[in-house]
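K.L.:
4 protein chains.
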Amino acid sequence: MTTATPSIKVGVVGGTGYTGVELLRLLAAHPLVRLAVITSRGDAGTPVANMFPNLRGRVDLAFTAPDPAALAACDVVFFATPNGIAMKEAGDLLGKGVKVIDLAADFRIKDVPEWEAWYGMPHASPALVAEAVYGLPEFNRDAIRGACLVANPGCYPTAVQLGFMPLLRAGVVDPASLIADCKSGVSGAGRKAEVHTLFAEAGDNFKAYAVPGHRHLPEIRQGLTGVAGAAVGLTFVPHLTPMIRGIHATLYARLTDRSADLQALFERTYAGEPFVDVMPAGSHPETRSLRGANTCRIAIHRPQGGDTVVVLSAIDNLVKGAAGQAIHNMNLMFGLPETTGIDGIALLP
Amino acid sequence: MTTATPSIKVGVVGGTGYTGVELLRLLAAHPLVRLAVITSRGDAGTPVANMFPNLRGRVDLAFTAPDPAALAACDVVFFATPNGIAMKEAGDLLGKGVKVIDLAADFRIKDVPEWEAWYGMPHASPALVAEAVYGLPEFNRDAIRGACLVANPGCYPTAVQLGFMPLLRAGVVDPASLIADCKSGVSGAGRKAEVHTLFAEAGDNFKAYAVPGHRHLPEIRQGLTGVAGAAVGLTFVPHLTPMIRGIHATLYARLTDRSADLQALFERTYAGEPFVDVMPAGSHPETRSLRGANTCRIAIHRPQGGDTVVVLSAIDNLVKGAAGQAIHNMNLMFGLPETTGIDGIALLP
Amino acid sequence: MTTATPSIKVGVVGGTGYTGVELLRLLAAHPLVRLAVITSRGDAGTPVANMFPNLRGRVDLAFTAPDPAALAACDVVFFATPNGIAMKEAGDLLGKGVKVIDLAADFRIKDVPEWEAWYGMPHASPALVAEAVYGLPEFNRDAIRGACLVANPGCYPTAVQLGFMPLLRAGVVDPASLIADCKSGVSGAGRKAEVHTLFAEAGDNFKAYAVPGHRHLPEIRQGLTGVAGAAVGLTFVPHLTPMIRGIHATLYARLTDRSADLQALFERTYAGEPFVDVMPAGSHPETRSLRGANTCRIAIHRPQGGDTVVVLSAIDNLVKGAAGQAIHNMNLMFGLPETTGIDGIALLP
Amino acid sequence: MTTATPSIKVGVVGGTGYTGVELLRLLAAHPLVRLAVITSRGDAGTPVANMFPNLRGRVDLAFTAPDPAALAACDVVFFATPNGIAMKEAGDLLGKGVKVIDLAADFRIKDVPEWEAWYGMPHASPALVAEAVYGLPEFNRDAIRGACLVANPGCYPTAVQLGFMPLLRAGVVDPASLIADCKSGVSGAGRKAEVHTLFAEAGDNFKAYAVPGHRHLPEIRQGLTGVAGAAVGLTFVPHLTPMIRGIHATLYARLTDRSADLQALFERTYAGEPFVDVMPAGSHPETRSLRGANTCRIAIHRPQGGDTVVVLSAIDNLVKGAAGQAIHNMNLMFGLPETTGIDGIALLP
């Protein structure tokens, strides 16, 4: 933290949403980062700390109108934008040697027609999709280290994949009948003025949504298929739960190898991982134990010793499910110690 | 509501918990009931409205020490007590011609050794277990009408059984691999001074609990087995969600008859039922749409047209999952119109 | 509830907000009301129960485009609209003999220029302002009985006036230095898509707002001045608190008559009032004890026996602070028993 | 953070409550602290991280039975105990050269009989009361630097004093008629199994409590009197609000000098203070902007330009109102940079 430390010059495109403010909170405290520019077409001129008062005295920048030159002068640019922006702007930056981390979905799905079907728009840069590296460090660390363009995983996909992948890679469950029953805090819906996420609508209430189909389904399926080496059948049901942050994925799979020691399998898989905490047998992770932290906490159960494996996987959707994982990816891309700037302890209570 | 209307003289044993206060709220407004006695060993002498200020001006009784004679003078006695009380006291009341409705678990499970294993105590009245009628009106209406002793279903079992039973009775799903992923509001844990249900513990938090085994599992399994006519394999995972009232059960089953019209099946099953609302195809019930109401709201999905049926079943755990259903049972036992006193509209927002 | 009962034909203009849905909940269960028409320009054609699923099976109407003839055929029309609508439409209805109850602010303030200054628009019907009766039944019952046009009080003004008026009418406090520190649940901000009332913004948060000036200030001041018979100095500070329903007003006044028996004064003032509950000395009303009920619960304190009187006044902002009080006014205007249809017991917990 | 850095050896007595876990979170990340011992009579043997899973992988200690020798080997001992413990144990530690910071109330009030009256027990160490330094750094920095025993302020007293003191010291308000209307999150009540702070009791609810008298009243009065140089008349009304963390104090005072520039007064008073943020005129601080941060955020208003000053003062009760301020005091006592270890940015949303 001396002045001699080389610092990474960072730009953020977007940054007025929850992923954005969380990215700013983490970047502002990152010892090897210099926050150079934050763009927002709609809020240009507004000091960042006026919109997000937790940043008063910590982030002095104002939002600026998008300025290609200012972004091109950065070492890395994070896109914390709606879907469909990064795919139009990443190419230029990459061409100028700027690394890009997209927190939206533009580069997550390799099958471009499938992406186009789920996201309802033509893809502007199919070639970049092929180049992009999926930024789930626990299963893609080496590729991320060498990447110029990282597709940061979605929040549900992070929790679900970290919970299912050890089982699928070891081949101890039936990949054809996976169920992911997921519960998200309301910040997952973003900082958009909408009726259904008002306090008086989402408070003291619980509901499933998008049961017929959710955009994170193909992303999860792609990741699980890659690890399973076989077609994966997945039922994915997201729910909205009246809390601000947190995702809890309750995962069900049919055991095909009853002799497998699942607890040992998970502990072995994640040994040495700084951001995955396999809890002792019999545990139940709580989302609040992760509030503000870049950790995924996992517990494995076989109720009544039967053939159904139940994996409980919890994260903070804005950190391990978005901004924290993005900085983890940045640390890898720039050869920094992996935990730099994202080792904060969760806030409990 | 004229003075000529014959009224039912009601006693309540217990009544200092959340099931109790909800029972009192509904009974106080029931046009054909006269609330005669409320007992509580620990709070004898305390006016009910001092403990529950919503009842100020509406319930003038004070809690009294348990008094067999006062209870024996009632037409019906509700037990809103911890498990293990009703099994000791119901017999005497029944012997004196008083009808009994137990909101605890004492008479819910027909297999007494199984009950004893899950509840950790010897059963005091195995003979009454055989006599007791399980009070799920939609599947047991006639038996309830003739019953003297009703075992009021648990909250999770109500939501889960109403969601699974149409499928099992019709034989269109595999009974061997059912999954019930259930989420409960915190009032389900009762009005007990415990750390884990403090606001600062359960607020802004989500977790599973009792994944290795929960007492409602054998109750649900018993009911489903009866309807399926076959052994049932059920994985039941309860979760605690930061809301006060409400249960949302997300139910998964493997379809064995792909030609079945599931929407029509549910609509047919519950046609004419006053307290089950089968929503239009594609719906997602919200617990808040049931807050304070004696309704179970159900939606049926087959994501991506696959073989996994997803049933969403939501109730207010204190009403349809406890006090409201108990009064429904009372209405049946006394030949009243079924909806009397339990037709309040849910409070939204 | 027999068919012979004369029923009041009711129209609702607006009705897509929280005041609207609460009005519909109460009207749908009112034994002497027939809900005839609900208009909404933006949602014409949508069944009411699609927007508000708690009304499924209870309200069969769909929203219709505003239709003067349909409204003119009603006995009474409620305006649950934004400010500035009723003042344009009430006159025609009144001219056709239809009674009007406005839940917005159009007719609350007698001083038209002051109204125009606070509400930022010219008033369309100054003459009707003079005719309108302020619908606070406890202090205006007789005038309401004879009224054709009732201005239903605001939520804050209801809680604050009921708490201060006994003191001012008795002349036992200094009217020049009143303080009303008020806390509102988020439903008070309405069902509008806005960022600041999102769950992730208003949840787990507390703040004051509009300290420089809030539109309810002149309304409260007008009412208090009328009772005090003197100019009133009032500091009014509203706060947003992370709950759905409820207002808690903490009122401070300087005692000028130290011999006054304040508890007796309040009990005497509200003796016989069906909807004001003066609690025993030393009490602290909770908003949840009023959830869904048309009651104002009040407690009076003199901390350390000093000269500062502290009055705690709590209501459900959507019931006693809006829809319930509106129906109370309707009952008075039509000569019905005052509590008809608004005697529901609060939902606790 | 090199091994050469001299580190402070820290002991914690208590530590199983919310103040304790917050202290542990901050100490575990403090670069100049070595956490040596945590005692708890009731939980001896339990790993700290079992009770507080956010500390998994970050705090390896287990709670130990109180052990005078282990504590005496520390440089500083924090008491995060119930009232009445530190006064019995601090003397021995001080005698052995260990510095002591008490987060409870034992040494806060200089008038011992007044302390005894409010806390309901005889004081065990009146002599230490005289020696103790009140740990409000903004007004007591020099004394804290030289102190061996610090009485860490209460949560309400921190928010209220920081808001009133500039006005009183400048003599611009009447000290005889101050009002502090305070709202606290539920964590302020501690991690004790009690009914009134259950989620289903405190959730979706708002109430005042202890209006006749609260223990923080004499503490606040003492501090304000010292600054005002005159007797202070204070009405203090605390409320419970359904959030986890945060205190919002709304403070009212009568202006005696209408020419005073209040905004400038506050800005001048707190210029250079690292943990007090005077917001621009017209602002409203939000408690969430302070979640997890050691900051007090203040705004000053004069509604309608009248004689009533309204100060809005907000803190995180567990940080600036407890653990963070305690570490600020430790930093001062050991000559460290004041912000070391307590410069985390608040978590928003």
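Protein chains in written order, with the working numbering: chain A, -19 to 329; chain B, -19 to 329; chain C, -19 to 329; chain D, -19 to 329.
Don't be surprised by glycine CBs; every beta carbon is placed ideally from N, CA and C.
Small disclaimer: the values here were computed from a predicted structure and weren't measured.
1) Kindly list, in the order they appear in chain B, the residues whose Cβ is closer than 8 Å to that of C/G324.
2) Which one or two residues does DSSP pair with C/V217 in a beta bridge?
3) What's the gap between the Cα of B/V28 and the Cα of C/L51?
4) How long is the line joining the alpha carbons of B/A273 and B/H264, rounded to whole angstroms?
5) Could you spell out the range, first to last residue, of the alpha helix (DSSP H) harbouring D/V140?
6) Which residues in chain A sit within 7 Å of D/R38, going by Cβ to Cβ distance?
7) Suppose you measure from the CA of A/T320 to the CA of A/T275; what does that come to, to the nearest Å?
8) Spell out the partners DSSP gives D/K(-11) in its beta bridges.
9) With DSSP as the reference, label C/S293 as helix, strand or coil.
10) Quick check on A/R125: does DSSP put it in helix, strand or coil?
11) Could you list which residues in chain D have their beta carbon closer than 7 Å to that of A/P27, in chain order?
12) Please decide whether B/L108 counts as near chain A, where near means a Cβ-Cβ distance under 8 Å.
13) Quick one: using the 10 Å Cβ neighbour count with 16 as the cut-off for buried, is C/T(-18) buried or exposed?
14) Could you work out which residues of chain D lie near A/L292, taking near to mean beta carbons separated by less than 7 Å?
15) Using a Cβ-Cβ distance cut-off of 8 Å, determine whether A/D333 contacts chain C.
16) In terms of alpha-carbon separation, which member of A/G193, A/E253, A/Q284 and A/V258 lies closest to A/D323?
17) Within 8 Å of any Cβ in chain B, is that where the Cβ of D/F179 sits?
18) Where does D/K172 sit, in a helix, a strand or coil, going by DSSP?
19) For A/D72, which option in A/A16, A/R248 and A/A49 has the closest C-alpha, if you only look at C-alpha atoms?
20) Report yes or no: is there a C-beta of chain G within less than 8 Å of the C-beta of C/P265?
21) Can you tell me where the beta strand (DSSP E) with C/T230 in it begins and where it stops?
22) Would you say D/G301 faces chain C, with C-beta separation under 8 Å as the test?
23) If we count the other Cβ atoms within 10 Å of its Cβ and call it buried at 16 or more, is A/G262 buried or exposed?
24) Would you kindly check if the distance between the Cβ of B/V1 and the Cβ of B/V57 is under 8 Å?
25) If A/L292 and A/I278 are in contact, beta carbons under 8 Å, what's the gap, nearest whole angstrom?
26) Please go through the same chain and pick out, in chain order, the residues whose beta-carbon is closer than 8 Å to the beta-carbon of C/R271, but skip the five residues on each side of it.
27) List the residues of chain D whose Cβ lies closer than 7 Å to the Cβ of C/D161, in chain order.
28) Is DSSP giving D/L204 helix, strand or coil here?
29) Is the beta carbon of C/T249 closer than 8 Å to that of C/I159?
30) Applying a beta-carbon distance threshold of less than 8 Å, which residues of chain B neighbour A/G193?
31) Going along the chain, which residues of its own chain have a beta-carbon closer than 6 Å to the beta-carbon of D/C162, five neighbours each way excluded?
32) Against chain C, which members of the stretch 206 to 230 of chain D pass a CB distance test of less than 8 Å?
33) So is A/D47 in contact with chain D if we call contact Cβ pairs under 8 Å?
34) Closer than 7 Å by C-beta to A/G315: which residues in its own chain qualify, once you throw out the five before and the five after it? Chain order, please.
35) Counting Cβ pairs, one atom from each stretch, are 3 or more of them under 8 Å apart for the stretch 66 to 85 of chain A and the stretch 96 to 111 of chain A?
36) For a quick check, are the C-beta atoms of D/L74 and D/L129 less than 8 Å apart?
P.N.:
Based on what the coordinates show:
1) Against the third sequence, residue 324 of chain C aligns to sequence position 344. Within 8 Å Cβ-Cβ: A9 and G324.
2) Start at 1 with the first residue of the third sequence, and residue 217 of chain C comes out as number 237. DSSP lists C/D161 as partners of C/V217.
3) Within the second sequence, numbered from 1, the residue matching residue 28 of chain B stands at position 48. Within the third sequence, numbered from 1, the residue matching residue 51 of chain C stands at position 71. Looking at the two C-alpha atoms, the distance is approximately 46 Å.
4) Taking the second sequence and counting its residues from 1, the one referred to as residue 273 of chain B is at position 293. Taking the second sequence and counting its residues from 1, the one referred to as residue 264 of chain B is at position 284. Rounded to the nearest angstrom, the two C-alpha atoms are 17 Å apart.
5) Position 160 of the fourth sequence, counted from the first residue, corresponds to residue 140 of chain D. C135 to A150 is the extent of the alpha helix (DSSP H) around D/V140.
6) As a position in the fourth sequence, residue 38 of chain D is number 58, starting the count at 1. By Cβ distance, chain A contributes I325.
7) Taking the first sequence and counting its residues from 1, the one referred to as residue 320 of chain A is at position 340. Taking the first sequence and counting its residues from 1, the one referred to as residue 275 of chain A is at position 295. Approximately 14 Å, taken between the alpha carbons.
8) Taking the first residue of the fourth sequence as 1, we reach residue -11 of chain D at position 9. Answer is D/R14, bridged to D/K(-11).
9) By 1-based counting over the third sequence, the position of residue 293 of chain C is 313. Reduced to three states, the DSSP call for C/S293 is strand.
10) Indexing the first sequence from 1 puts residue 125 of chain A at position 145. Correct three-state label for A/R125: helix.
11) On the first sequence, position 47 is the one that residue 27 of chain A refers to. Chain D residues near A/P27: none, gap ~11 Å exceeds 7 Å.
12) The sequence position of residue 108 of chain B within the second sequence is 128, counting from 1. It does not: the Cβ of B/L108 has no partner Cβ on chain A nearer than 8 Å.
13) Here the question's residue -18 of chain C lines up with position 2 in the third sequence. Note on C/T(-18): pLDDT 43, under 50, position unreliable in the model; the coordinate value appears next. Answer is exposed; the Cβ neighbour count stays below 16.
14) The residue labelled residue 292 of chain A in the question sits at position 312 within the first sequence. What A/L292 touches in chain D: nothing, since even the nearest Cβ is about 13 Å away.
15) Since the first residue of chain A shown is -19 and the last is 329, residue 333 of chain A is not available in this structure.
16) What you label residue 323 of chain A is simply residue 343 of the first sequence in a count that begins at 1. Among A/G193, A/E253, A/Q284 and A/V258, the Cα nearest to that of A/D323 belongs to A/E253.
17) Stepping through the fourth sequence from its first residue, residue 179 of chain D is reached at position 199. When Cβ-Cβ separations below 8 Å define contact, D/F179 makes contact with chain B.
18) The sequence position of residue 172 of chain D within the fourth sequence is 192, counting from 1. When DSSP states are grouped into helix, strand and coil, D/K172 belongs to the coil group.
19) As a working mapping, residue 72 of chain A is identified with position 92 in the first sequence. Taking only the C-alpha atoms, the option nearest A/D72 is A/A49.
20) In the displayed structure, chain G is absent; the protein chains listed are A, B, C and D.
21) Residue numbering aside, residue 230 of chain C sits at position 250 when the third sequence is read from its first letter. C/T230 -> beta strand (DSSP E) spans I227 to R234.
22) As a working note, residue 301 of chain D is residue 321 in the fourth sequence. Output row for D/G301: interface = no.
23) Within the first sequence, the letter at position 282 stands for residue 262 of chain A. Classification of A/G262: exposed, given that the 10 Å Cβ count is below 16.
24) Start at 1 with the first residue of the second sequence, and residue 57 of chain B comes out as number 77. Start at 1 with the first residue of the second sequence, and residue 1 of chain B comes out as number 21. No, the Cβ-Cβ distance between B/V57 and B/V1 is not below 8 Å.
25) The residue given as residue 292 of chain A occupies position 312 in the first sequence. The residue given as residue 278 of chain A occupies position 298 in the first sequence. Contact holds; Cβ gap of about 7 Å.
26) Translated into the one-based positions of the third sequence, residue 271 of chain C becomes position 291. Only residues of its own chain outside the window of five on either side were considered, and among them R225, G226, D296, A326, L327 and L328 have a CB closer than 8 Å to the CB of C/R271, listed in chain order.
27) By one-based count along the third sequence, residue 161 of chain C stands at place 181. Going along chain D in sequence order, the residues near C/D161 (Cβ under 7 Å) are D161 and T230.
28) What you label residue 204 of chain D is simply residue 224 of the fourth sequence in a count that begins at 1. Look at D/L204 here: in three-state DSSP terms it is helix.
29) For this step, residue 159 of chain C is matched to residue 179 along the third sequence. For this step, residue 249 of chain C is matched to residue 269 along the third sequence. Result no, Cβ atoms of C/I159 and C/T249 do not sit closer than 8 Å.
30) Position 213 of the first sequence, counted from the start, is the residue given in the question as residue 193 of chain A. In chain order: P283 and Q284.
31) In the fourth sequence, the residue the question calls residue 162 of chain D occupies position 182. Cβ neighbours of D/C162 within its own chain (closer than 6 Å, five residues either side excluded): Y136, P218 and A229.
32) G213, T215, F216, V217, H219, T221, P222, M223, I224, R225, G226, H228 and T230: these are the residues of the stretch 206 to 230 of chain D whose beta carbon lies less than 8 Å from some beta carbon of chain C, given in chain order.
33) To locate residue 47 of chain A, count along the first sequence from 1; it is residue 67. With 8 Å as the cut-off, A/D47 does not count as an interface residue toward chain D.
34) Indexing the first sequence from 1 puts residue 315 of chain A at position 335. No residues qualify anywhere along the chain.
35) These segments touch.
36) By 1-based counting over the fourth sequence, the position of residue 74 of chain D is 94. By 1-based counting over the fourth sequence, the position of residue 129 of chain D is 149. Taking 8 Å as the Cβ cut-off, D/L74 and D/L129 qualify as a contacting pair.
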